Amino acid sequence: MTAVLPAPSPATPPAPDATTPPPEAPPAPRRTRGRLLLLGLVPALVLACLVAAGSGQLPIPVAEVAGSVLHRLGLDLGPLPAHPQGEATLWQIRFPRIVMAATVGAALAVAGALMQGVFGNPLAEPSVVGVSAGAAVAAALAIVLGLDFAGVWTIAACAFLGGLVTTLAVYALSRSGGRTEVVTLVLTGIAVNAVAGALLALLLFLADTQAREQIVFWQLGSLNGSRWTYVGVVVPLTLLGAALAMRYARPLDLLALGERPARHLGVDVERLRVVLVVVVALLTAAAVSFCGIVAFVGLVVPHLVRMVVGPSHRVLLPASLVAGALVLVVADLAARTLVAYAELPLGMLTSLVGGPFFFWLLRRTRRTAGGWA
Amino acid sequence: MSARTPAPTPAPTPAPTPAPALTAEGLEVRIGGRALLRGVDLRVEAGEVLALVGPNGAGKSTLLAALVGDLPAAAGSVHVHGRPVADWRLRELARERSVTTQEHHLAFPFAVADVVAMGRAPWHGRPESDDDETAIADAMARTSTLPLAAQTFPTLSGGEKARTAFARTLAQRAGIWLLDEPTAALDLGHADDLLADVRRAAVGGVAAVVVLHDLSLAAAWADRVVLLEAGEVVADGPPDAVLTAPRLTSVYAHPVEVLRHPATGALLVLPRRAARPAAHQLEESTP
Numbered sequence: 029m030t031a032v033l034p035a036p037s038p039a040t041p042p043a044p045d046a047t048t049p050p051p052e053a054p055p056a057p058r059r060t061r062g063r064l065l066l067l068g069l070v071p072a073l074v075l076a077c078l079v080a081a082g083s084g085q086l087p088i089p090v091a092e093v094a095g096s097v098l099h100r101l102g103l104d105l106g107p108l109p110a111h112p113q114g115e116a117t118l119w120q121i122r123f124p125r126i127v128m129a130a131t132v133g134a135a136l137a138v139a140g141a142l143m144q145g146v147f148g149n150p151l152a153e154p155s156v157v158g159v160s161a162g163a164a165v166a167a168a169l170a171i172v173l174g175l176d177f178a179g180v181w182t183i184a185a186c187a188f189l190g191g192l193v194t195t196l197a198v199y200a201l202s203r204s205g206g207r208t209e210v211v212t213l214v215l216t217g218i219a220v221n222a223v224a225g226a227l228l229a230l231l232l233f234l235a236d237t238q239a240r241e242q243i244v245f246w247q248l249g250s251l252n253g254s255r256w257t258y259v260g261v262v263v264p265l266t267l268l269g270a271a272l273a274m275r276y277a278r279p280l281d282l283l284a285l286g287e288r289p290a291r292h293l294g295v296d297v298e299r300l301r302v303v304l305v306v307v308v309a310l311l312t313a314a315a316v317s318f319c320g321i322v323a324f325v326g327l328v329v330p331h332l333v334r335m336v337v338g339p340s341h342r343v344l345l346p347a348s349l350v351a352g353a354l355v356l357v358v359a360d361l362a363a364r365t366l367v368a369y370a371e372l373p374l375g376m377l378t379s380l381v382g383g384p385f386f387f388w389l390l391r392r393t394r395r396t397a398g399g400w401a
Numbered sequence: 004m005s006a007r008t009p010a011p012t013p014a015p016t017p018a019p020t021p022a023p024a025l026t027a028e029g030l031e032v033r034i035g036g037r038a039l040l041r042g043v044d045l046r047v048e049a050g051e052v053l054a055l056v057g058p059n060g061a062g063k064s065t066l067l068a069a070l071v072g073d074l075p076a077a078a079g080s081v082h083v084h085g086r087p088v089a090d091w092r093l094r095e096l097a098r099e100r101s102v103t104t105q106e107h108h109l110a111f112p113f114a115v116a117d118v119v120a121m122g123r124a125p126w127h128g129r130p131e132s133d134d135d136e137t138a139i140a141d142a143m144a145r146t147s148t149l150p151l152a153a154q155t156f157p158t159l160s161g162g163e164k165a166r167t168a169f170a171r172t173l174a175q176r177a178g179i180w181l182l183d184e185p186t187a188a189l190d191l192g193h194a195d196d197l198l199a200d201v202r203r204a205a206v207g208g209v210a211a212v213v214v215l216h217d218l219s220l221a222a223a224w225a226d227r228v229v230l231l232e233a234g235e236v237v238a239d240g241p242p243d244a245v246l247t248a249p250r251l252t253s254v255y256a257h258p259v260e261v262l263r264h265p266a267t268g269a270l271l272v273l274p275r276r277a278a279r280p281a282a283h284q285l286e287e288s289t290p
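In order, the protein sequence lines correspond to chains A and B.
So the first sequence is numbered by the numbering used here: it starts at 29 and just counts up by one.
So the second sequence is numbered by the numbering used here: it starts at 4 and just counts up by one.
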């Protein structure tokens with residue numbers, strides 16, 4: 029590797045140059061890789077959406093899917109679905125589900141990246157530390173009690189509150205001396221998940237048959253039954269959360285130095301923490317309210333992105349957003365097409381892949397840290 | 004520079020004296036009822052390098068943390084440019100003052116150039132951020148961390164981490180530097196280079212407080228030495244006035260001798276050791 033920053037030559041003072049690149053340039057290779065990754069991920073996501081929309085019991089060629097979208101956008105391009113049910117299948121069943129998958133994936137990946145930044149720990153993730161479970165308990169409570177104080181937003185609001193309370197609890201319980209140790213975090217997660225699991229079981233026990241079915245479906249995590257009205261709740265929450273997250277990308281980088289050094293560089297650490305904990309709860313609620321617990325996306329995606337583009341949150345957050353969307357669109361496609369005439373639970377599928385990944389990450393973290401300090 | 008010879012008695016023009024860069028008055032810090040610092044008075048002016056020395060547990064790092072504002076004062080006050088440290092907005096303060104802590108921990112594998120660039124954060128969104136590139140490149144060149152630019156921080160050796168942390172301080176371009184044992188992990192060459200940089204910055208108007216263990220280093224590079232013992236300042240003054248053999252022997256509870264370098268006259272502080280018997284003497288002495 030060669031040095032990427034220009035060494036100032038002692039003979040000539042650094043002349044103000046009109047063509048100076050924007051300030052604070054991180055090492056060029058990683059920055060370029062960040063751009064390349066986004067350039068690759070966005071078309072991949074579009075393609076995955078088109079393929080996913082065309083797949084299912086009623087296959088529709090990708091060209092017809094694209095044509096249908098373009099016609100809706102007012103562009104007379106491409107063929108329309110040939111099958112009489114094609115248009116309805118796409119717009120009433122598949123598109124809301126795909127948009128939901130992409131949004132939930134984006135929300136989970138950004139929530140994971142944020143949580144890792146706030147805790148300064150690559151193993152922090154909403155489902156691992158029990159925030160998803162906490163949000164699910166509150167949402168299940170809303171179903172069992174038949175709460176309906178905010179219409180279609182009721183469950184999301186409850187999930188948000190549950191997620192917020194759980195995140196704050198985990199944060200308070202797993203921190204000592206300004207740091208979160210891996211062991212404490214994971215053990216706290218086990219405890220929180222156990223309590224949340226018990227509460228969910230209790231709610232299952234108390235619930236009537238219909239509510240019981242709804243809760244079980246959540247524990248498994250599924251995008252089946254996504255509707256535009258739900259999408260209308262989840263998309264704004266996710267956009268809000270992601271926008272807030274991006275605003276704090278820079279101070280999050282500084283937080284990696286530790287609390288004290290971040291404060292010495294002008295970061296109001298306490299305020300940053302509180303704001304980001306709320307954002308994590310918001311994003312987790314967005315993901316959990318209608319789709320249940322889809323685990324490990326927030327762990328795997330930011331980690332893989334970090335391996336490619338480095339840990340700078342200004343690149344990590346947007347790249348995780350797109351990558352998370354892509355991962356969940358593909359995972360949901362797999363969930364509903366792997367077995368003919370049956371649908372695998374999405375949460376099961378992500379855990380099947382994410383669990384071993386978590387295991388590997390745990391081993392690796394232990395090795396690099398030289399044991400559980 | 005004018006060629007005019009100065010008057011025999013240079014009358015110092017009484018300029019309106021600006022507030023000292025950093026002051027502490029009657030500073031007391033307690034943790035769990037125990038006083039770690041008692042009645043510490045300290046005054047650091049721009050252009051001055053002050054070394055904080057003292058035995059283990061004397062309160063050097065505690066004093067530094069209290070000066071930074073990380074530890075609350077049970078009594079007394081800390082002022083930065085005449086303003087109580089708690090009254091500063093954090094971003095503003097970060098533009099005036101940089102802090103290098105002893106521990107160099109990083110939660111994620113940032114590249115060295117990224118870590119140094121973090122020193123520029125307080126200037127973000129201000130006209131000074133136009134200098135970011137030069138400040139970073141200059142800081143890295145001076146700490147010889149340029150060859151490490153693309154390496155990730157966790158892969159560095161202890162000394163490389165310390166130099167990267169110092170580069171971050173340099174890049175911050177603040178007027179007050181607080182450095183907690185910046186030379187602890189450095190070999191003697193790099194330690195000298197670092198303190199020479201601090202010295203050079205002081206000539207340029209920086210006020211620096213450096214916690215040091217090596218008393219010869221303190222004598223060589225500091226304008227003033229503050230000697231702490233059990234949370235109290237026992238001596239404050241120029242190195243040759245503070246670092247005397249009887250005082251150090253008493254404070255460190257260990258025999259210490261202070262010598263002058265035969266050629267340069269520099270102060271050398273050494274623990275007094277009995278001459279080590281040579282191997283053949285050991286053999287001869289055994290019957």
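Heads up, the beta-carbon is just placed ideally off N, CA and C, and yes, glycines get one too.
Please read all numbers here as calculations on a predicted model, not as lab measurements.
Run of the beta strand (DSSP E) containing residue i, from where it starts to where it stops
i: Pro274 of chain B; result: Leu270 to Pro274
i: Asp239 of chain B; result: Glu235 to Gly240
i: Arg171 of chain B; result: Note, Arg171 of chain B: premise wrong, no beta strand (DSSP E); alpha helix (DSSP H) at Gly161 to Gln175.
i: Val180 of chain A; result: That residue, Val180 of chain A, is in no beta strand (DSSP E); it is neither H nor E in DSSP.
i: Trp180 of chain B; result: Ile179 to Asp183
i: Ala54 of chain B; result: Val52 to Val56
i: Leu108 of chain A; result: Counting along the chain, Leu108 of chain A falls outside any beta strand (DSSP E), and DSSP gives it neither H nor E.
i: Glu232 of chain B; result: Arg227 to Glu232
i: Asp44 of chain B; result: Arg37 to Val47
i: Thr186 of chain B; result: No beta strand (DSSP E) holds Thr186 of chain B; DSSP gives it neither H nor E.
i: Thr26 of chain B; result: Leu25 to Ile34
i: Ala210 of chain B; result: Ala210 to Val214
i: Leu220 of chain B; result: Taken as a continuous stretch (DSSP letters only), Leu220 of chain B belongs to no beta strand (DSSP E), being part of the alpha helix (DSSP H) at Leu218 to Trp224.
i: Leu74 of chain B; result: No beta strand (DSSP E) holds Leu74 of chain B; DSSP gives it neither H nor E.
For residue j and residue i, believed in contact at Cβ under 8 angstroms, the rounded distance
i: Val108 of chain A; j: Ser96 of chain A; result: Here residue 108 of chain A is Leu; the residue named in the question, Val, does not match the sequence. Confirmed, Cβ separation roughly 6 angstroms.
i: Pro124 of chain A; j: Ser254 of chain A; result: 5 angstroms
i: Leu213 of chain A; j: Phe147 of chain A; result: 7 angstroms
i: Glu99 of chain B; j: Val83 of chain B; result: 6 angstroms
i: Val314 of chain A; j: Leu265 of chain A; result: This sequence places Ala at residue 314 of chain A; Val is not what is there. About 4 angstroms; that satisfies the 8 angstroms criterion.
Residue i classed as buried or exposed, judged by whether at least 16 other C-beta atoms fall within 10 angstroms
i: Glu174 of chain B; result: Looking at the sequence provided, one finds Ala at residue 174 of chain B rather than Glu. The residue is buried, with at least 16 neighbouring Cβ atoms inside 10 Å.
i: Leu64 of chain A; result: exposed
i: Leu218 of chain B; result: buried
i: Ala76 of chain B; result: buried
i: Glu184 of chain B; result: buried
i: Glu298 of chain A; result: exposed
i: Leu103 of chain A; result: exposed
i: Ala229 of chain A; result: exposed
i: Thr65 of chain B; result: buried
i: His264 of chain B; result: exposed
i: Pro41 of chain A; result: Confidence in Pro41 of chain A is poor, its pLDDT being 39 and thus under 50, which makes the residue's placement too unreliable to answer from.
i: Ile183 of chain A; result: buried
Identity of the residue in the options nearest residue i by Cα
i: Ala221 of chain B; options: B:Leu198, B:Leu189, B:Arg41 and B:Pro23; result: B:Leu198
i: Leu75 of chain A; options: A:Glu371, A:Leu354 and A:Arg395; result: A:Leu354
i: Arg145 of chain B; options: B:Trp91, B:Leu262, B:Leu40 and B:Thr172; result: B:Thr172
i: Glu31 of chain B; options: B:Arg41, B:Arg37 and B:Pro23; result: B:Arg41
i: Ala2 of chain B; options: B:Gly161, B:Leu159 and B:Ala142; result: The structure shown does not extend to residue 2 of chain B, since chain B is modelled only from 4 through 290, so no value can be given for it.
i: Leu215 of chain B; options: B:Val102, B:Ala153 and B:Ala54; result: B:Ala54
i: Glu115 of chain A; options: A:Ile126, A:Arg100 and A:Ala129; result: A:Arg100
i: Gly82 of chain A; options: A:Arg122, A:Ala359 and A:Val333; result: A:Arg122
i: Gly162 of chain B; options: B:Leu189, B:Ala168 and B:Ser147; result: B:Leu189
i: Leu136 of chain A; options: A:Gly68, A:Val262, A:Gln85 and A:Leu173; result: A:Val262
i: Val159 of chain A; options: A:Tyr199, A:Ala185 and A:Leu285; result: A:Tyr199
Residue i, enclosing alpha helix (DSSP H) - first and last residue
i: Arg279 of chain B; result: No alpha helix (DSSP H) holds Arg279 of chain B; DSSP gives it neither H nor E.
i: Leu142 of chain A; result: Phe123 to Phe147
i: Gly95 of chain A; result: Val90 to Arg100
i: Ala254 of chain B; result: Residue identity differs from the one stated: residue 254 of chain B is Val in this sequence, not Ala. Where Val254 of chain B is concerned, the enclosing alpha helix (DSSP H) stretches over Ala248 to Val254.
i: Val159 of chain A; result: Val159 to Val172
i: Val71 of chain B; result: Lys63 to Val71
query = At which residue ranges does the segment 83–150 of chain B contain complete beta strand (DSSP E) runs of 3 or more residues, listed in the order of the chain?
reply = 100–103
task = Mind listing, in chain order, the continuous alpha helix (DSSP H) runs of no fewer than 4 residues lying wholly within the segment 295–359 of chain A?
result = 297–319 and 325–337
request  = Please specify which runs of the alpha helix (DSSP H), each continuous and at least 4 residues long, are wholly inside the segment 231–286 of chain A, giving them in chain order.
outcome  = 237–248, 256–275 and 277–283
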